[in-house]
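For the sequence shown, numbering that gives the first Met the number 0 gives the first residue as 0, with consecutive numbering after it. In this text, a Cβ means the ideal position worked out from N, Cα and C, and glycines have one as well. Presented below is the structure to which this report refers.
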Amino acid sequence: MTPQDQTYLLKAALTGDVRQMEQASKILAGVAMLLNDHDIDGLKREALIETLWLLSSTFEERRDWLQEEGYVCSEQ
């Protein structure tokens with residue numbers, strides 16, 4: 000995963016921009032494919048996993064903020 004890929008993922012998480020989210024979806028699909036590759040270097044695998052944890056945390060923080068601001072309804 001390149002730094003540009005990481006930037007796209009974080010922008011998608013922070014802005015909610017549709018184009019950024021589409022790019023993030025493609026990047027995450029690529030990450031899933033890489034993690035399934037058993038020949039991948041251990042350090043690369045660790046970096047991918049760390050990036051996914053960071054992204055997950057960013058999405059959670061963004062969701063919480065949007066909910067606090069009244070943009071997200073938690074009831075269905």
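The DSSP-derived three-state label of Y7 is helix.
For the options Q3, T14, L27 and H37, the alpha carbon positioned closest to that of R61 is the one of T14.
Between the region 4-12 and the region 24-31, the count of Cβ pairs shorter than 8 angstroms is three or higher; the stretches touch. Around I48, the same chain offers L34 as residues with beta carbons nearer than 8 angstroms, after the five sequence neighbours per side are excluded. About 6 angstroms separates the beta carbon of L8 from that of I26, a gap short enough to meet the 8 angstroms contact definition.
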